[in-house]
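Numbering (my numbering) for the sequence shown: 310 to 861.
Ideal Cβ positions, reconstructed from N, Cα and C, are used throughout, including at glycine.
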Amino acid sequence: MKRALAAVGLLLVLVLTACTGLPTTGYVNPGRGPQGDDAQDFAFVPDGPQEGATPTEIVEGFLRAGSGPADDWATAKLFLAPGTPWDPRARVTIDRLADRRATPVPDGSAVSVQLSTVAGVDADGAYSPAVTGATETLSFALARVDDQWRITSAPDGVVLYEEVFPTVYQTASVAYFDPTWSFIVPDVRWFPRPLVASRVTTALVDGAPSAWLADAVRNAFPDELSLVGRSVTLSSGGVAQVQLPRAALSLDRTTLDRMQTQLARSLATAGISDVQMTVDGTPVAASELPVRITRIDPSPAVLTADGRFGVLSGEELETIPSLSDAVQSLAPTHIELEADRSLAAVLTERGAVASALADGGTFLLDDRPGLLPPSIDSEGEIWSVPRNAPSQVRAFSAEGVPRDVGNAWPDASEVVSFQISRDGTRIAAIVTVAGVREVWLAGIIREGATVNLGPPHVLSFAEAGAFDLAWLDDTTVGVLTTVDGATSLDELGVGGRGTVGSVPENARAIAGGSASVRILDDDGRLYSRRGSSWTLVATDIRVLAVQQGTTS
């Protein structure tokens, strides 16, 4: 049995009667942030070792105590013999409790624990799903200490079963800039709830972006700049203060403003609304900068059954001057719009990729066989790739000048669908590897005239029947899948975990929308989700256009 505590004033005791029934999927919303220096809103306080416990009971109690990060996992350390090294922050292994099996040796000097692993979180807070069916064995050594069994050797890290993990750990996004310093790019991590503000600040100032994203983003904090003392303290006025060395005073104002912007955006995801950089206790003059927005226009862009292209406003279709005529002339089956609606990327009825421009001009870009619907990046280039040749990605200027994209989806035999994020730094794709469909992310790396994809980051190892995807927001990818005739929507968090939900029957296309997601079915009905329900928006729609943001 675990007890739960909640901080109200000093401490209010709550009782958590059971851990069953907690959600196994979904997102964790940030809490209020630290009250004082990273004080916790609540925390599991698991039981310590019991008198006369067997070696198996000691190991099982030690694993359960991983749910209590308070005081650097003080309760878990009670199960260790004095002087036993153990680093609880090294990793988190997420497993299925029902599949855990502890096996002691006859004399009790060792216990092995078999796990069915679901996912893992590394020392930097990065989440990675496990391959379906993955298992792991942990080995523990024990000895008698004052006639009680204690652990003398334990693998670093903690083990949490999947129902409890999101109640002990919380998501927070380390905020980076895109290479043009125009967009904020969230790097989603998981940190212990009592430590989230300090950990996200440390990750930003002293750490590095996740490996798959590292070369695609920029950090205004210089490598040589480190935090001073405790990373986050709370002033009497309720402002979170981040202490920096005197070297920060020599930085130019643009750099300081970018640093302030990254700190504010990062700590906002930890529940902190006001942050200030300080040197020797004195505030640093810096202001948060405006950044480009990535939300979607509330009005869907569509091609109607009678061949007209424009933006739906209620029941009326408003055409886009010159661009609508250009799009219509290409007989499109798929359309993607640039944020300012000055450019559209089109897959035509005959399978070619073309561009339509705001001045009414059109250009044939790619006529290789088997092309997928194209996607527009933040620099206005249109990406195109044949379904059965994933490595042959090309990025075209609007007027048709091509360049190859390197390191595209290594080891994949097929790419089923892809889309570039609205900040232009990431690409999501459904790929086939060894006959299995998976969902991958990769950073987009720009070095002069060269464009490459970074190492792939797997969002899902098993997406049977996946056929279309879209960026729903900056941290969520929506994937349509059909299995045994039933279609569903998998919403995959970029930082791990997700949800599976229903969609209208015969759904065939997905796009991000102002309310999170839009669906077009085989009969030309367009739906938008409001809460958990789907609302019919329009009928007689031939194409639901993807929009890469909005200018408003």
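*Rounded C-alpha distance that separates residue 496 from residue 740*: 22 Å
_Using 8 Å as the threshold, is the C-beta distance between residue 748 and residue 681 below it?_
no
*Tell me, please, which residues DSSP counts as bridged to residue 625.*
Note: residue 625 sits in a beta bridge opposite 622.
*In chain order, what residues of the same chain have a beta carbon less than 6 Å from the beta carbon of residue 821, not counting five sequence neighbours either side?*
605, 779, 780, 781
*residue 602 by DSSP, collapsed to three states: which one?*
coil
*Closest Cα partner of residue 667 within the set 625, 573, 693, 635*: Looking only at 625, 573, 693, 635, the smallest Cα-Cα distance to residue 667 is reached by 635.
*Can you list, in chain order, the residues of its chain whose CB lies under 8 Å from that of residue 617, leaving out five sequence neighbours each side?*
626, 628, 633, 637
*Sequence ranges, beta strand (DSSP E) only - wholly within the stretch 670-729, length at least 3*: 671-675, 691-693, 703-705, 711-715, 723-729
*Closer than 7 Å by C-beta to residue 761: which residues in its own chain qualify, once you throw out the five before and the five after it? Chain order, please.*
714, 715, 716, 754
*Starting from residue 549 and walking both ways along the beta strand (DSSP E), at which residues does that stretch end?*
549-552
*Taking residue 588 as the reference, give the member of 362, 542, 692 with the closest Cα.*
That would be 542, whose Cα lies nearest to the Cα of residue 588.
_Rounded to the nearest angstrom, what separates residue 730 and residue 785 at their Cα positions?_
Their backbone Cα atoms lie some 10 Å apart in a straight line.
*asked:* According to DSSP, residue 811 sits in a beta bridge with which residue or residues?
replied: Looking at the DSSP output, residue 811 sits in a beta bridge with 797.
*My guess is that residue 478 and residue 430 are in contact by the Cβ rule of under 8 Å, so how many angstroms apart are they, rounded?*
7 Å
*From 619, 694, 768, pick the residue whose C-alpha is nearest to that of residue 726; which is it?*
694
*Per DSSP, which residues does residue 413 bridge with? Please list them.*
420
*Take the Cβ of residue 697 as the centre, count every other Cβ of all protein chains shown within 10 Å, and call the residue buried at 16 or more, exposed below.*
exposed
*Can you round the beta-carbon distance between residue 553 and residue 536 to whole angstroms, since I take them to be within the 8 Å contact cut?*
The Cβ separation is near 7 Å, so the contact holds.
*May I ask which residues mark the beginning and end of the alpha helix (DSSP H) holding residue 734?*
Run containing residue 734: none; DSSP gives neither H nor E here.
*Is there contact between the stretch 386-400 and the stretch 415-423, where contact requires at least three CB pairs shorter than 8 Å?*
no
*asked:* Please tell me whether residue 803 has its Cβ less than 8 Å away from any Cβ of chain B.
replied: Here chain B cannot be found, since the structure has a single protein chain.
*asked:* According to DSSP, simplified to helix, strand and coil, what is residue 590?
replied: coil
*Taking only runs that begin and end inside the stretch 362-441, name each unbroken alpha helix (DSSP H) of 4 or more residues, in chain order.*
364-373, 379-386
*Kindly list the residues whose CB is nearer than 6 Å to the CB of residue 570, restricted to its own chain and excluding five residues on each side of it in sequence; keep chain order.*
597, 598
_Residue nearest to residue 572 in terms of C-alpha spacing, selected from 417, 560, 555, 595_ = Measuring C-alpha to C-alpha distances from residue 572 to each of 417, 560, 555, 595 identifies 595 as the nearest.
*Which residues bound the beta strand (DSSP E) around residue 638?*
Per DSSP, residue 638 lies in no beta strand (DSSP E) segment; the continuous alpha helix (DSSP H) that holds it begins and ends at 632-638.
*If you count every other CB in all the chains shown that lies within 10 Å of the CB of residue 728, and 16 or more means buried, which is it?*
buried
*Secondary structure at residue 486, three-state DSSP: helix, strand or coil?*
Annotated three-state conformation of residue 486 is strand, per DSSP.
*Reference residue 433, options 398, 607, 846, closest by Cα*: 398
*Measure the CB-CB distance between residue 419 and residue 447 and report whether it falls below 8 Å.*
no
*asked:* Quick test of your reading: residue 460 and residue 388, contact by CB under 8 Å. State the CB separation rounded to the nearest angstrom.
replied: Beta-carbon to beta-carbon, residue 460 and residue 388 are separated by about 5 Å, close enough to satisfy the 8 Å threshold.
*Take residue 469 and list the residues in its own chain whose beta-carbon comes closer than 8 Å to its own, dropping the five residues that flank it on each side.*
375, 376, 401, 402, 403, 404, 477, 478
_Cα-Cα separation, residue 556 to residue 366_ = The alpha-carbon atoms of residue 556 and residue 366 are separated by roughly 52 Å.
*Which residue or residues does DSSP assign as beta-bridge partners of residue 851?*
Residue pairing by DSSP places residue 851 in no beta bridge whatsoever.
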